[in-house]
Amino acid sequence: MLTAVIMAGGKGERFWPKSRIKLPKQLLKLTGEDTMIQSTVKRISRIVDYDNIYIVTNPDYASIISNQLPEVPTGNILVEPMSRNTAACIGLAALHIEKRCGEDAVMMVLPSDHMIRDEDEYIRVLEKAAQVAQHNTNIVTIGIKPDHPETGYGYIKMGQRITARGMEPVHEVEAFVEKPDKETAEKYLETGQYLWNSGMFLWKVSTIMKNIKIHMPKLYKALSVIRQAIDSDDAESILYKEYEKLDSISIDYGIMEKADSVYVIPADFGWDDVGSWTALERIEEPDENGNIIKGNILSVDTKKCIIQGGNNKLLALLGLEDLIVVDTDDVTLICPKDRAQDIKKLLQEIRERQLTDYL
């Protein structure tokens, strides 16, 4: 059986001030008529029944997600009591899938806030990856073929190819590597051996639980307690108690970098992680002045800007270039495009000044 787990607890801070604690990036309409999580679920529903799609999120977003995704059963929206990174999130989902679908069910683990341009190719690659994941204790990840020396992504170094020529290329993973500097990223691109880490994983429930037991025994112990409490009257309090003990560890660090039988499928389906405001330049069509504009905007002699208006208020810009301008009811952001990755510094300043209403 094929199942999907969509991780939807992130805050999307680099899309502030549109993305807020109460309404993060994955719940916004940044790239079309649907919110990002709606697009993600709609894509994967081509090969996974809605009854087998699970959303893992936090208490702040659960009701909004339920409203945005009425097709997904309410019981499939799994609420973590607190954030403990992706390893705990995935472990919790594995417990629920194991209970409902059995340990041989294949889990596809997907981010909730990425964009895919070629959905047919995306589905084809995932179906192939699911076939590989069904065998033995294989762990499969999807690597994106890079087209420029990106410093904002982690990379996967491909090892030996395990499939014959003429078949879908599947490689052993030689290494997961952290976000590189520009010079290192250029070298990665030149070798042709490195792929962008998409954060998409596939495995059987039994495979991920076995690896958690081996490599993350503390998490496995907590999950064992949680498993016994599922559907009981004490389920919520026990979940809270066990989560409180956990360290915040990513699945990459906790499992992927340590496990055996880890494979990667190189893919090219128009993937974008939509990581910051400048991503809109890769997604949206600019106007004749190179601007990406949304909202009630008046611009004169303004070039190469990303401009997002709020509600119906007129936003007027004169003589600007290479800026990000985002207007909401209570905040207006103005910054150079090359500082888009530093928006988190503003949020840190807001926290230090205790201006929490603006987060």
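Counting in this note's numbering, the final residue of the sequence shown is number 368, and the numbers go up one at a time with none missing. No residue lacks a Cβ here, since even glycine has one placed at the ideal position from N, Cα and C.
How far does the alpha helix (DSSP H) with Cys110 in it reach, from first residue to last?
94–110
Along the chain, which unbroken stretches of the beta strand (DSSP E) at least 3 residues long are found entirely within the stretch 335–368?
341–345
Less than 7 Å between C-beta atoms, sequence neighbours within five positions excluded: which residues of the same chain meet that for Gly279?
Ile125, Arg126, Asp127
Whole-number beta carbon distance between Thr160 and Asp190, since they are thought to touch under 8 Å
6 Å
If you measure between the beta carbons of Ile99 and Ile274, is that distance less than 8 Å?
no
In this structure, does DSSP put Phe24 in helix, strand or coil?
helix
Distance check for Val283 and Ile153, CA to CA, integer angstroms please.
14 Å
Helix, strand or coil for Thr40 per DSSP?
coil
What are the start and end residues of the alpha helix (DSSP H) that includes Met45?
45–53
Please confirm whether Pro120 and Met16 have their CB atoms less than 8 Å apart.
yes
Around the C-beta of Ser308, are 16 or more other C-beta atoms found within 10 angstroms, so that it is buried, or is it exposed?
buried
Specify the secondary structure class of Gln317 as computed by DSSP and reduced to three states.
strand
Tell me the rounded alpha-carbon separation between Glu358 and Asn94.
24 Å
I need the boundaries of the beta strand (DSSP E) containing Asn206, first residue and last residue.
203–213
Going by beta-carbon coordinates alone, are Tyr262 and Tyr203 separated by less than 8 Å?
no
Using only the alpha-carbon positions, how far apart do Cys314 and Asp269 sit?
46 Å
Out of Leu323, Ser233, Thr365, which has the shortest C-alpha to C-alpha gap to Tyr252?
Ser233
Neighbourhood of Asp366 by C-beta, 8 Å cutoff - its chain only, sequence neighbours within 5 removed:
Asp339
Using the Cα positions of Asp8 and Glu22, report the straight-line distance between them to the nearest angstrom.
Coverage of the chain is limited to positions 10 through 368, which leaves residue 8 absent and any answer about it impossible.
With distances taken Cα to Cα, identify the nearest neighbour of Lys188 among His224, Cys344, Trp205.
Trp205
Helix, strand or coil at Ala173 [DSSP, three-state]:
coil
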